[in-house]
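Just below is one structure, and these are the notes that go with it.
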Amino acid sequence: MTCIAKFDKAVKTLEEIYALFDTAMAAFPFACAKQCADCCTCNVTATGLEIAYIQDRLDAGALDDIRVRLDRAGQSRRYRPLQTTNGFALACMEGRDADEEENDPSWGTCPLLEDGICSIYPVRPLGCRVMMSTTPCRQTGQADMPFLALTITTIFMQFVEHLDAGGVYGSFLDLLEYAGKNALGCNRLKENDKISEIAQNLKIPALMIPPEHVEKTRTLVQSLGRMIRENDSSST
Ligand code: SF4
Ligand code: SF4
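Sequential numbering of the sequence shown, starting at 15, is according to the working numbering.
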């Protein structure tokens, strides 16, 4: 299979995973509403494939708009993850401590936010989609996430990373800036591209599902597993 055909299949699978995530989350009574955007900070994370997906799905005008917004925002302090979700799972399995990381919402608002509305909403990465709360964050100063919803978001983070295993993971805005300035082979960021403070996506070492959620998430995990297997089999 050619590089471009593999890429096309991977972004289609990513899109299907996003749709499944949105469906799974619709079962919870989230208070999230249009123009409620305190969660839209500069600290969102993404995989390289998710950036490539945005580049693939948006037209030249929309991509230019992203570039202008990023230039205008300048280089600000951002959350830069030292390890991926699957890297964290692996560290737990091996009894290693997780890396200490700094993350503070006061570092700033996402520059892609316009009048409280996301300018790339349909193609936003999973790192944005998982920001949900059953009470408006502004009222309580934090997001309230049902325990089962937290488990489900973690499962999806693990599968989205697995889909791009070998690719990169890092600050969403860092990766967007980098992708906007560099011609990417096959539209895909790779681990050896020169970009600082990135982690490498790993395959799932084990799913992080508490025992009480194994049955409740079984069908979802089977669906995600099937999507990944179909993607992998069509990539060989
Ligand atoms: S996570 Fe919080 S700030 Fe974000 S949309 Fe939901 S309620 Fe609003
Ligand atoms: S990309 Fe969109 S949804 Fe994500 S943080 Fe920025 S404005 Fe919010």
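Even glycine gets a Cβ: it sits at the ideal position worked out from N, Cα and C.
DSSP places residue 151 within a helical segment (H, G or I) once states are collapsed to three. Membership of residue 182 in the beta strand (DSSP E) is indicated by the continuous run 182 to 185. A distance below 8 Å between beta-carbons, with the five flanking residues on each side excluded, links residue 106 to the following residues of its chain, in chain order: 112, 222. If you draw a straight line from the Cα of residue 99 to the Cα of residue 75, it is about 33 Å long.
CA-to-CA, the gap between residue 68 and residue 171 works out to about 17 Å. For residue 119, same chain residues with a beta-carbon under 6 Å away, outside a window of 5 residues either side, are 55 in chain order. By the Cβ neighbour-count rule, residue 183 is buried, with 16 or more other Cβ atoms within 10 Å of its own. Counting only heavy atoms of ligand 2, the residues whose C-beta sits closer than 5 Å to one of them are, along the chain, 54, 58, 124, 126, 127, 132, 138, 142. Counting only runs that start and end inside the stretch 64 to 97, the alpha helix (DSSP H) elements of at least 4 residues fall at 74 to 87.
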